[in-house]
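In the UniProt record's numbering, the protein residues as written are 1 to 1083.
By construction, the Cβ of each residue, glycine as well, lies at the ideal position given by its N, Cα and C atoms.
Step one of this worksheet: look at the structure below.
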C-alpha cells in the first residue's frame, strides 16, 4: 500500500503547481488526470485511493484551479469533469445505498463524507460556477443538428456534478449555524444564483427540446430545496408579517422559560441549610438492612428504588431494534436565499410544473428511469402543491397532478414499497423512505382536495366532490391509511412518518364525514368473503301467483308516495347510472329496473319511486321509465309494468344472498356429501354496493395497534405542533366518544401521559386536557363497578375485553342466545324423534324451528347444534389439495388416451393410478390439460349391445315408459344418501301399502349384488319371481322408492341396479343400516 501511496503522490504532483497569480499546469497534466481516473477505477472495497485523494484535497488545490484557468482546453476540461464527477460521487452510492455496519467500514464511510464536505466548501467559489454555466449555455444555445453525442454526454456530466455537490449532507454540528444564517448549503446556492446556473436549470425544465435532461433537472431542484419548508418559503417576504413576529416571539419566550426553569431547579438542588459535605445519614423506615436494624443510606431521595438503581447500567438496545431516525432536517435559510428560492418556485409553477411532471410520470410508468426516480417525483408533487396551496392557490398550476389516476399511481407505489419492506429486509430504511415520500405526496393531494372542497367557487367544489366520490367509492382507497397505521413499527419507520400518517388520516376522515353528511346516500363499494354454494331454485324464483296479492297490498301506499311531489332525488345520490363502470348503458338500464322491482318486493317503496324518477332523468328519451311530466296514475302503471316484468334478480343483491344461504343450509342436511365431490368450495370475494356509514368506518380504527401508534406520538405532545396534537385527539375522540369505546384507552402508559398533560401550562394543550379528563372520568366510573380494572390497565385491550371491563366479564354469556343447557338438548332429541315418527310434509329444521320452545333461536344455530349432537350428518371437512407431480400428469394423460372409450373411463383411470387422488381433482386436472372440454365426456357410457336390447324392450313398452326411459339414458339420476329423509319417507309409504315381502326381496337382492360387485361396474339386474314382488314392482310408489335408491325403473320384469347405491351399501357395512331401518318400520 505504501507503493500505491507513493504513486498517487507522484501523480498528484504531476498536475501542476499554484503560482503567484495563476495556476501553472505540468506538461504531463492530462496524462496525470487519466492515471487518477484509472486509479479510482481499480479502487478496492476499502476505498483506499479515494480516501487518499480526499486527504490530499486535490479538488480544492489543483482540479478546480485547472478547471477555472484552462476551461478553453476542451480535452483537459473534459478529463477534469470526469475526475470531479468520480470524486464527488455520493457516499451512499459508493456503498450501494446501504451504510456499512462494520466498525472499520463505518470509519471509512465517515471519512469519505468529511472529504465530500470539503469538496462542497470549495464549490462556494462563484468562478467555478461561471465556467460550468458557460459550458452549459454553449450546448443549450447550439442548434439541434449541432448537438452530437459528445456534447450531450458532457452536458449530462456537468448536471451530475451539480447533483453530486448539492447531494453532500450538511454538518450542522460542525457549522453551528442557527436559523436565518447562511450555512454551507446556502452559500453554494447563493453562488449558483449569482452565476445564473439556476436560470439554466429553469430553462431546461421549461424547454420542450431538453426532455432528455428533465430527470436531472428535477433531481437538482429537489436537492436545492431539501432543507426548506414549502409553507415558510411561500410566506417569505421583504417585510415580516405580524403572524411571523408573534410566532418568533412565542418561540423565544418558550426557550427563555425553559432556561429559567433549569436554573431554578439547579439552585434548589444545591441550596440548603447545611453544607453539601455534611449531608448526614438517613434511615429508610420499613426496610431492614443485613442485620436486624433499619437500613442506613447516605442520601435522601423520594424514590428509594433510584437509590439502588443509580449504579446499574441500563440494558443496551440492539442495533437492529433501534428506532429509525428522521433523516430530513428542516431549517430556515438566510433571508436572501429564501427570497430568490421563492421566486424560483413561483416561476417553476407557472412555466414548467405541469409539463415536466407529465413527462416524468410517463418515464416512470414505462420504467425507463432509475428505481429511485419516483422519489423525486413524489417530493416535487408534495413540495410544489403545498407551495401553491399556501402562496396563491391556483388549481390550474398543478392540474397535471390533481387527477384520480394520480391517486391510483401513488397508491400503487406505496403498496409496492410495502411489499418490498417484507421481501427485501436488507434495504428497509430505503423502502421506508420511499414509502414516506409517497405518503407525503398523498397527504398533499388530500390537503389540496380539502381546499377545493371548501372553496366558494362552485366549479372547484364540484370537481372536488366528483374526485372524492370516486375516491371514497373504492375499498382500496378507503382502507389505505388504516393499513399504513397497522403497519407502523418504530424500527422500520420514523416518527415523522407516523405524524404524516395520522395527519393524512385526519384530513381523509374529515372529508369523508362532511361528504357523507352533505350527500345523504353515499354509495360505496364493499367486499365480503363468501362461500359459493348451490343456489336453490326457490331462492331466486319468484312465484307468479303471489304477484297480484303483493301488488294489491303495495299499490295504495305507492299512490300516496307518488303524490308527494317534493320527493325528487338527485341522480348522483340514487346512482341509476355509473359512468366509470365497465357495464354498458343498456345493461345498467336493466339493472335499474331490477333494483326498482326488488325495492317494491322488499317494501322499500319510497326508494323505488326515487330510483324511478332518477332513472327517468338519466334516460328521458326511452319509454322504459316514462316521460317527464307524468301524472300519478301513469307513474303507477309504469311501476306496475316493472313489477310484473320477468327481469330476474340483480347481481350482488343482499336479500337474495341471505335467502339462498338459509335455504342452502337446509339443503345440506337433506342431501348427501357425495354430490359435493364434483366441485370445490373455496372462499370468494364478492363486491357489493351499500350505503356508507361513517361510524362503521371509524370502528375499523378501534384496534390496539392503531391506539398504540397514536399514544406513542401523543407522548411527545410538548414537541408536537398544535395541528398534530389535534389530529391525534380527534381520532381518539371519534373512537372513544362517538363509538363508545372509552375502555380501550384504559392503559397505564396513557395515564402517565395524561399526568404530564395536566401539569402543562401551555394554552395550546387545552384540548388534550379536556380529552384526558373525559377518559379519567370514564375510568373512575368503571372502577367503582369493576375492581379488576386496575390490573387491566397494564395491558392493551381489544373490543371484546373492553366490553367485558365495562359490562362485566359474564355479560357476553348472559346476552348470548346460542348457549344450550341439558334440557334444551333433550328437547332437540325429542323433537327429532317426533319428526321421524309423524313424518310431516315439511323440512325437519323448519319444523323444529316452529315447535321449539325458545323462538328467538335462529335456524343456523339449530343446525349447528343438530350437527354437534350428531342428530344430522356432519359435513366432512375439505381435505388439503395435493398438487400433481410431472410423472403423475404424464400417467394421467396416457391412461386417458387408453380408457377414454371405456364404459367407465374414470373408474378405470383411478384404478390404474399409482398415487391416488380424489375423483374431482383428477377431472379438474384432465380439464386443465385440455384433454376434454366438458365433464360430461367422462360420465359412464352404455355398451352397444345393452343399448340395443334396451331399445328393443322400450319399443314394446308403453309410450309413457318409452319417453321416460329415453330421458333416463341421457341424464344421470339423483342419488340420495341412505340416511336421507327422502329414503325414509319412501320406505314408509311402501310399508303402509303392506309390501313387506317385496322389501325383504329387495334387501336380499341388494345384499347379493353388493357381494358380487364386479370391477367393471356393469349394471346388475334384479329379477322378481313371486307374484307379490311382481305386483310391487309395477306399483308407482315402489318405483319411486327404487328411483330414490338409484335403481332403474322396471323394464319388463327385471330391475337394473345402478352402482352408486351399491358403493354406498358397501361403505356402510353392506345393508345393515338400511335393514335395521326396514325392520324398525316393520315392527
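If you reduce the DSSP assignment to three classes, tell me which class residue 739 lands in. coil
Residue interval of the beta strand (DSSP E) (run including residue 1026): Per DSSP, residue 1026 belongs to no beta strand (DSSP E) and is neither H nor E.
inquiry  = To the nearest angstrom, how far is the alpha carbon of residue 1128 from that of residue 227?
reply    = There is no way to answer for residue 1128, as the model of the chain reaches only from 1 to 1083.
### Message
My assumption, with CB atoms under 8 Å, is that residue 356 sits in contact with residue 384. Please give the rounded CB distance.
### Response
Actually they do not touch by this definition, with Cβ atoms about 10 Å apart.
Exercise for the section: Flag this pair as touching only if the region 111 to 127 and the region 83 to 102 have three or more C-beta atom pairs under 8 Å; answer yes or no. Expected result: yes
key: C-alpha gap between residue 839 and residue 630, whole angstroms   = 56 Å
- Item | Contacts around residue 78, its chain only, beta-carbon distance under 7 Å, and the 5 residues preceding and following it disregarded | 154
**Study point:** Alpha carbon of residue 67 to alpha carbon of residue 131, nearest angstrom
**Key:** 8 Å
Worksheet item: Can the beta-carbon of residue 203 be found less than 8 Å from the beta-carbon of residue 159?
Response: no
Could you pull the DSSP bridge partners for residue 690 from this structure? 524
| field | Own chain partners of residue 58 with C-beta closer than 6 Å, once the 5 adjacent residues on each side are dropped | value | 12
In the DSSP output, what is residue 288 paired with across the bridge? 294
Residue environment, residue 20, which counts as buried when at least 16 other CB atoms sit within 10 Å
exposed
Just the C-alpha distance for residue 313 and residue 790, rounded to the nearest angstrom, thanks. 31 Å
Where does residue 600 sit, in a helix, a strand or coil, going by DSSP?
helix
Worksheet item: Taking 7 Å as the cut-off, does the CB of residue 761 come closer than this to any heavy atom belonging to the ligand NAD?
Response: This structure simply doesn't include the ligand NAD, nor any ligand for that matter.
ask   = Closest by CA to residue 864, which one among 820, 902 and 837?
value = 820
Hey, residue 1088 and residue 340 are a contact pair by Cβ (cut 8 Å); roughly how many whole angstroms apart? This structure cannot speak to residue 1088, because the chain is shown only from 1 to 1083.
So, residue 443 versus residue 513, is the Cβ gap smaller than 8 Å? no
Check: Which value, in whole angstroms, describes the spacing of the CA atoms of residue 1005 and residue 592?
Finding: 59 Å
Self-check item: CB contact flag (residue 1092, residue 435, <8 Å)
Solution: Lying before the first or after the last residue shown, residue 1092 is absent from the chain, which here runs from 1 to 1083.
- prompt: Which residues mark the beginning and the end of the alpha helix (DSSP H) in which residue 55 is found?
  reply: 48 to 56
Rounded to whole angstroms, what's the CA-CA distance from residue 795 to residue 747? Just pull it up for me. 6 Å
| task | Look at residue 491 and residue 763 and say whether their C-beta atoms are less than 8 Å apart. | result | no
Three-way DSSP call (helix, strand, coil) for residue 351 in this model | helix
Checklist line | Element boundaries [alpha helix (DSSP H), containing residue 144] | finding: First-last for residue 144: undefined, no H or E at that position.
- Query: residue 181 to residue 718, Cα distance in whole Å?
  - Reply: 26 Å
* Pull up the distance between the alpha-carbon of residue 296 and that of residue 485, whole angstroms please. => 51 Å
| message | Can you give me the C-alpha to C-alpha distance between residue 853 and residue 807, rounded to a whole angstrom? | response | 29 Å
Under the DSSP definition of a beta bridge, which residues are partnered with residue 16? 25
Tell me the rounded alpha-carbon separation between residue 283 and residue 294. 7 Å
Inset, instruction - Flag this pair as yes or no: are the beta carbons of residue 236 and residue 342 separated by less than 8 Å? - result: yes
| query | Nearest-angstrom Cα distance between residue 447 and residue 464? | reply | 11 Å
- Supposed contact pair residue 163 and residue 223 - C-beta distance, whole angstroms, cut 8 Å: 7 Å
Q: Take residue 380 as the anchor and find which of 394, 48, 411 and 400 has the nearest alpha-carbon.
A: 400
Q: Would you check if there are 3 or more beta carbon pairs closer than 8 Å linking the region 15 to 31 to the region 40 to 57?
A: no
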